[in-house]
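For reference, the structure is listed below as structure tokens.
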Amino acid sequence: MQSETKSHVDQLTSPAGHSVTVLRFEGDIASTSKEAVLGTYQALSKATNKIILLDFTKVDYINSSGIALVIQLLIEAANSGQKVYAYGLSAHFVKVFTMVGITKYAGLFPDQAAALAAL
Amino acid sequence: MSETRTTNVEVRLPSRMGFEKVAMSTAASVAKLMGFREDRVEDLKTAVAEACINAIEHGNRLNEKLSVGVVLSAGEDSLEVKVIDDGKGMKNKQAKPDIDRKMHGEEDPRGMGMFLIQALVDEAEWVAGADGKSSYVRLVIRLDKDQG
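Line by line, the protein sequences are chains A and B.
Here our numbering is used: the first residue of the first sequence is 1, the next is one more, and so on.
Here our numbering is used: the first residue of the second sequence is 120, the next is one more, and so on.
Here's what the structure looks like:
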């Protein structure tokens with residue numbers, strides 16, 4: 001019933017010349033998304049992937065269990081000296097992420113171009 | 120005395136994760152028919168989904184022999200949603216999540232459902248069933264006077 005979460009990783013370079021690792025998600029982000037969210041993130045080298053950008057453009061549904069997975073990712077990233085940013089959230093989920101405090105630890109951008117320009 | 124018209128819509132969900140989306144879609148359809156703004160519909164969808172997840176996971180403990188009842192009552196200027204399960208009800212309201220405590224491992228990263236429900240609707244109350252069963256959460260969103 002829950003739409004399967006797909007994820008894949010792209011490596012981009014920001015206009016400022018920084019290497020940016022983009023985790024692109026598709027489908028629902030819910031309790032069943034642990035492998036797609038945390039598993040994909042944990043497979044990345046923490047030594048070489050210092051800037052992580054989460055792409056939610058193709059995500060329609062995020063529930064509190066999914067938000068908890070994002071927070072777990074942020075905890076691991078903070079402990080590894082990585083910076084995390086996100087883009088592609090609907091106005092509603094920007095509000096929800098702000099309400100629960102995620103924006104304190106992950107900068108949000110409207111789209112990939114805006115995110116890369118700021119990194 | 121003027122008569123208040125209420126229209127009821129009922130859905131029964133299996134206690135299986137993912138089926139909260141059925142209630143979410145139904146609530147969104149009713150809210151749109153009533154003329155709620157898109158942002159309020161989105162608030163309601165998240166609140167209803169979280170209420171159903173709590174009912175499935177904590178109320179009915181994922182027991183697929185039990186179902187979750189969702190009753191939507193559309194009044195003239197408000198929509199009430201009751202989400203009913205066979206649990207004993209929530210004893211305590213959830214405190215606002217503290218992201219700093221979560222980030223420092225002092226608070227579970229999970230446990231934001233009740234907070235989101237309270238924050239996104241105009242009224243939220245948790246009622247324990249008198250017989251230790253049939254507990255429910257009641258949510259209300261109201262039409263703003265200026266949105267027509």
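Glycine is no exception: its CB is placed at the ideal position from the N, C-alpha and C atoms.
Inter-residue Cα distance where the pair is residue i and residue j
{"i": "Arg220(B)", "j": "Glu226(B)", "result": "5 Å"}
{"i": "Asp162(B)", "j": "Lys207(B)", "result": "26 Å"}
{"i": "Pro110(A)", "j": "Asn173(B)", "result": "31 Å"}
{"i": "Arg229(B)", "j": "Ala68(A)", "result": "5 Å"}
{"i": "Tyr87(A)", "j": "Asp55(A)", "result": "5 Å"}
{"i": "Asn182(B)", "j": "Lys215(B)", "result": "29 Å"}
{"i": "Leu73(A)", "j": "Met222(B)", "result": "10 Å"}
{"i": "Arg257(B)", "j": "Gly101(A)", "result": "26 Å"}
{"i": "Tyr85(A)", "j": "Lys50(A)", "result": "11 Å"}
{"i": "Glu232(B)", "j": "Ala243(B)", "result": "With the sequence shown as reference, residue 232(B) is identified as Gly, and Glu is not the correct amino acid for it. So the alpha carbons of these two residues sit roughly 12 Å apart."}
{"i": "Asn79(A)", "j": "Val70(A)", "result": "14 Å"}
{"i": "Glu139(B)", "j": "Val167(B)", "result": "8 Å"}
{"i": "Thr125(B)", "j": "Ser192(B)", "result": "6 Å"}
{"i": "Ser3(A)", "j": "Ala30(A)", "result": "9 Å"}
{"i": "Thr98(A)", "j": "Leu235(B)", "result": "11 Å"}
{"i": "Leu38(A)", "j": "Ser65(A)", "result": "12 Å"}
Residue environment, residue i, which counts as buried when at least 16 other CB atoms sit within 10 Å
{"i": "Asp60(A)", "result": "exposed"}
{"i": "Leu152(B)", "result": "exposed"}
{"i": "Glu169(B)", "result": "buried"}
{"i": "Pro15(A)", "result": "exposed"}
{"i": "Ser45(A)", "result": "exposed"}
{"i": "Ala47(A)", "result": "exposed"}
{"i": "Thr123(B)", "result": "exposed"}
{"i": "Asn179(B)", "result": "buried"}
{"i": "Asn63(A)", "result": "buried"}
{"i": "Ser33(A)", "result": "buried"}
{"i": "Ala117(A)", "result": "exposed"}
{"i": "Asp28(A)", "result": "buried"}
{"i": "Gly267(B)", "result": "A caution first: Gly267(B) carries a pLDDT of 43, below 50, which makes its placement in the model unreliable, though a value can still be read off. It counts as exposed."}
{"i": "Lys104(A)", "result": "exposed"}
{"i": "Lys58(A)", "result": "exposed"}
{"i": "Asp315(B)", "result": "The displayed coordinates of chain B run from 120 to 267. Any statement about residue 315(B) would go beyond what the structure contains."}
{"i": "Thr13(A)", "result": "exposed"}
{"i": "Gly17(A)", "result": "exposed"}
Residue from the options with nearest C-alpha to residue i
{"i": "Gln113(A)", "options": "Glu76(A), Val96(A), Val22(A), Ile29(A)", "result": "Reading off the sequence, residue 113(A) comes out as Ala, not Gln. Ala113(A) has its Cα closest to that of Val22(A), out of Glu76(A), Val96(A), Val22(A), Ile29(A)."}
{"i": "Val160(B)", "options": "Gly188(B), Asp241(B), Val256(B)", "result": "Asp241(B)"}
{"i": "Phe155(B)", "options": "Glu139(B), Ser192(B), Ala166(B), Ser197(B)", "result": "Ser197(B)"}
{"i": "Leu89(A)", "options": "Ala106(A), Ser3(A), Ala117(A)", "result": "Ala106(A)"}
{"i": "His8(A)", "options": "Glu35(A), Met99(A), Val100(A)", "result": "Glu35(A)"}
{"i": "Lys6(A)", "options": "Ser19(A), His18(A), Phe25(A)", "result": "Phe25(A)"}
{"i": "Val259(B)", "options": "Lys184(B), Leu239(B), Leu185(B)", "result": "Leu239(B)"}
{"i": "Val77(A)", "options": "Ser19(A), Ser65(A), Tyr41(A), Gly17(A)", "result": "In the sequence on display, residue 77(A) carries Ala and not Val. Checking every option, the nearest Cα to that of Ala77(A) belongs to Tyr41(A)."}
{"i": "Gly251(B)", "options": "Met209(B), Arg261(B), Val202(B)", "result": "Met209(B)"}
{"i": "Val190(B)", "options": "Asn127(B), Ser254(B), Arg261(B)", "result": "Asn127(B)"}
{"i": "Lys184(B)", "options": "Gln237(B), Glu195(B), Pro133(B)", "result": "Pro133(B)"}
{"i": "Arg261(B)", "options": "Ala247(B), Gly194(B), Thr165(B), Ser144(B)", "result": "Gly194(B)"}
CB-CB length for residue i against residue j, believed under 8 Å
{"i": "Val94(A)", "j": "Leu108(A)", "result": "6 Å"}
{"i": "Val200(B)", "j": "Ala146(B)", "result": "6 Å"}
{"i": "Arg135(B)", "j": "Ile175(B)", "result": "7 Å"}
{"i": "Ile52(A)", "j": "Gln82(A)", "result": "6 Å"}
{"i": "His92(A)", "j": "Asp158(B)", "result": "7 Å"}
{"i": "Val202(B)", "j": "Cys171(B)", "result": "6 Å"}
>> Just to confirm the assignment: which complete alpha helix (DSSP H) runs, minimum length 4, are found wholly within the segment 179 to 225 of chain B?
In response: 218 to 222
>> To test your reading of the DSSP string, which unbroken beta strand (DSSP E) runs of 3 or more residues are found completely within the segment 18 to 75 of chain A?
In response: 19 to 29, 51 to 62
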